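Below is one structure, written out as structure tokens; the observations come after it.
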Amino acid sequence: MTEPTEKRPEGMRPIAGLHLGTRQRAALAAAITIVSGIVILGALFAIGWVLTQFLHRFSNVFLPLAVAGVIAMLLAPYYHWLRRRLKFPAALAVATVFLSISLPIAGFGWFFGAVMVEQISDMVIRFPAWRESMAEDLQARWPQMKHFLDENPWGQRAREVLEAQQETVINGLRELSTRALTAGMGVFGFLGTLAAWAVMPVYLAYFLIAGARVPRDLEKLFPFLKPTTRKDLVYLINEFVAILVAFFRGQFVIAFLQGLLYAIGFSVVGLRYGFILGMMLGLLNIIPYLGNIVGLAICLPLAYFQADGGVLLLGLIAIIFVIVQLIEGYVLTPRIMGSQTGLHPVAIIVALFFWGTALQGILGMILAIPLTAFLVVFWRLARRRYIKELI
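The numbering used here puts the first residue of the sequence shown at 185, with every later residue one more than the last.
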């Protein structure tokens, strides 16, 4: 005699001896998805932490590679044009690219080199005396500042605080200027070290030659993945390269034009070392907002405390900063870069601090915007293709 089978309610299935309804199975699937997501995120954070520590420890090795890689991406269209349209062999195309880079730099150096060398040498020689003069001038102007604060009711509390901290402020100013000089020497030393990387042109030549084969061979590098996953990975790589190229190509042009505008404006109004300061601020603006922050901290005190300076020159320098920022925000960036990254200005500032801290150095700040834009693209793809399927 056969035993009667147990009758299950409709919509329930046995799972490991348990009978779960549709709602229970959906809840279990959601719980498994959440746990899996947490585990995956934890693994990604762990891998990211190990990678950042590794990059920081060997930054002197990877920085020339990163610089050469970015430059190769920017110059790749020109290299491909030489190869395809003019039928240049690889060696001649690379030599032409190098020559095309060297000639404009040499021309710029020949045209502005004398002014830049003169201002840099004069700045280094005069900086200690200027530092002491600024501290003495601040002490000499202190009675006028006290009188101004005494005549304004809102300045009573400020006067008390400033009187209590007068000596601290002056000593801090001297210490800050000493550290600024040391940091400035460190920047020039870094630029000199960067220029001395004789191996970087070798990396650049290799990336230009080998990069032509990468788009064709990219899918072949991941034969162990499913076709759909492989296509998604190739899509992410191509998107990252496109974002990187678009950002740096536009940012280099914008930074150079900003530097010229600052240099011309500072020189016209009579700011000492105006040309070299303007070009340096433009160079720093490759990292968004860095040149503006450093420029305000350096140029405003210099405009006020230089021999023929004062409130008028300080106001003119502030006006120049405002004008250049308006030109950059409403003319240069929309026309040159557009909305390639699609990031809000607040997100850009947060990204700079985050990646600068994560990669512990200037490399993180340089790559902050492309990396953040890539993560946005990655999240959109993951949400559209994978997370919806899991949930």
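Backbone N, C-alpha and C define an ideal beta-carbon position, used for all residues, glycine too.
Every value quoted in this text rests on a predicted model; they were computed, and no experiment measured them.
Rounded Cβ spacing between residue i and residue j (contact assumed at less than 8 angstroms)
{"i": "F431", "j": "P554", "result": "5 angstroms"}
{"i": "G434", "j": "I520", "result": "5 angstroms"}
{"i": "M257", "j": "L428", "result": "6 angstroms"}
{"i": "S451", "j": "G443", "result": "About 12 angstroms; that fails the 8 angstroms criterion."}
{"i": "V495", "j": "L445", "result": "Not a contact, Cβ separation roughly 23 angstroms."}
{"i": "L497", "j": "A487", "result": "4 angstroms"}
{"i": "L461", "j": "I482", "result": "7 angstroms"}
{"i": "R267", "j": "A277", "result": "5 angstroms"}
{"i": "V478", "j": "L467", "result": "About 10 angstroms; that fails the 8 angstroms criterion."}
{"i": "Y387", "j": "A260", "result": "Y387 to A260, Cβ: 14 angstroms. No contact."}
{"i": "R569", "j": "D416", "result": "6 angstroms"}
Inter-residue Cα distance where the pair is residue i and residue j
{"i": "I393", "j": "G540", "result": "31 angstroms"}
{"i": "Y390", "j": "V437", "result": "25 angstroms"}
{"i": "F282", "j": "F246", "result": "22 angstroms"}
{"i": "V219", "j": "Y419", "result": "27 angstroms"}
{"i": "T280", "j": "A313", "result": "47 angstroms"}
{"i": "L455", "j": "F406", "result": "57 angstroms"}
{"i": "T556", "j": "A535", "result": "7 angstroms"}
{"i": "L228", "j": "L235", "result": "10 angstroms"}
{"i": "I511", "j": "Q208", "result": "60 angstroms"}
{"i": "A531", "j": "H264", "result": "35 angstroms"}
{"i": "F292", "j": "L500", "result": "27 angstroms"}
{"i": "A542", "j": "K404", "result": "32 angstroms"}
{"i": "R310", "j": "M463", "result": "20 angstroms"}
{"i": "F238", "j": "A210", "result": "42 angstroms"}
{"i": "M369", "j": "I304", "result": "Summary for M369: the model assigns pLDDT 48, below 50, so the residue's position carries little reliability; its value from the coordinates is reported in the next sentence. Distance between the alpha carbons of M369 and I304: 11 angstroms."}
{"i": "I222", "j": "F408", "result": "25 angstroms"}
{"i": "P288", "j": "W294", "result": "10 angstroms"}
{"i": "L465", "j": "T517", "result": "17 angstroms"}
{"i": "I285", "j": "P273", "result": "19 angstroms"}
{"i": "M307", "j": "A319", "result": "17 angstroms"}
{"i": "P248", "j": "L474", "result": "22 angstroms"}
{"i": "A230", "j": "A552", "result": "19 angstroms"}
{"i": "W563", "j": "V383", "result": "37 angstroms"}
{"i": "P472", "j": "T206", "result": "52 angstroms"}
{"i": "F424", "j": "V506", "result": "33 angstroms"}
{"i": "A380", "j": "Y514", "result": "Reliability fails at A380, whose pLDDT of 49 lies under 50, so the model's placement of it is uncertain and no value is given."}
{"i": "A502", "j": "P485", "result": "11 angstroms"}
{"i": "A215", "j": "R567", "result": "17 angstroms"}
{"i": "V560", "j": "Q328", "result": "54 angstroms"}
{"i": "I224", "j": "T217", "result": "10 angstroms"}
{"i": "F132", "j": "G226", "result": "Any property of residue 132 remains undetermined from this structure, which presents the chain solely from 185 to 575."}
{"i": "D321", "j": "L565", "result": "59 angstroms"}
{"i": "I199", "j": "L212", "result": "Per-residue confidence for I199 stands at a pLDDT of 49, beneath the threshold of 50, marking its modelled position as unreliable; no derived number is given."}
{"i": "R414", "j": "E302", "result": "56 angstroms"}
{"i": "I470", "j": "N476", "result": "11 angstroms"}
{"i": "P411", "j": "A275", "result": "36 angstroms"}
{"i": "I421", "j": "W233", "result": "21 angstroms"}
{"i": "F489", "j": "V453", "result": "15 angstroms"}
{"i": "I504", "j": "E316", "result": "27 angstroms"}
{"i": "H528", "j": "A491", "result": "42 angstroms"}
{"i": "A250", "j": "A290", "result": "24 angstroms"}
{"i": "A324", "j": "G493", "result": "15 angstroms"}
{"i": "F537", "j": "K271", "result": "45 angstroms"}
{"i": "A367", "j": "V254", "result": "Here the model assigns A367 a pLDDT of 49, short of 50, so the residue's position is not dependable, and the following value carries that caveat. Going by the C-alpha atoms only, they are around 26 angstroms apart."}
{"i": "F558", "j": "A426", "result": "10 angstroms"}
Alpha helix (DSSP H) segment containing residue i, residue limits
{"i": "P518", "result": "Element bounds for P518: n/a, residue is neither H nor E."}
{"i": "Y473", "result": "Segment: none, Y473 is in no alpha helix (DSSP H) and carries neither H nor E."}
{"i": "Q509", "result": "V495 to I511"}
{"i": "G443", "result": "P411 to V453"}
{"i": "A491", "result": "Looking at the DSSP string, A491 is not in any alpha helix (DSSP H), and its letter there is neither H nor E."}
{"i": "R564", "result": "A552 to A566"}
{"i": "L536", "result": "P529 to A542"}
heavy atom of the ligand COA below 7 angstroms from residue i C-beta
{"i": "P327", "result": "This structure lacks the ligand COA; in fact it carries no ligand of any kind."}
Contact with chain D by residue i, beta-carbon distance below 8 angstroms
{"i": "L212", "result": "Judged by its chain identifiers, the structure shown contains no chain D, having just a single protein chain."}
Length at least 4, wholly inside the stretch 247-316: the alpha helix (DSSP H) runs in chain order: none
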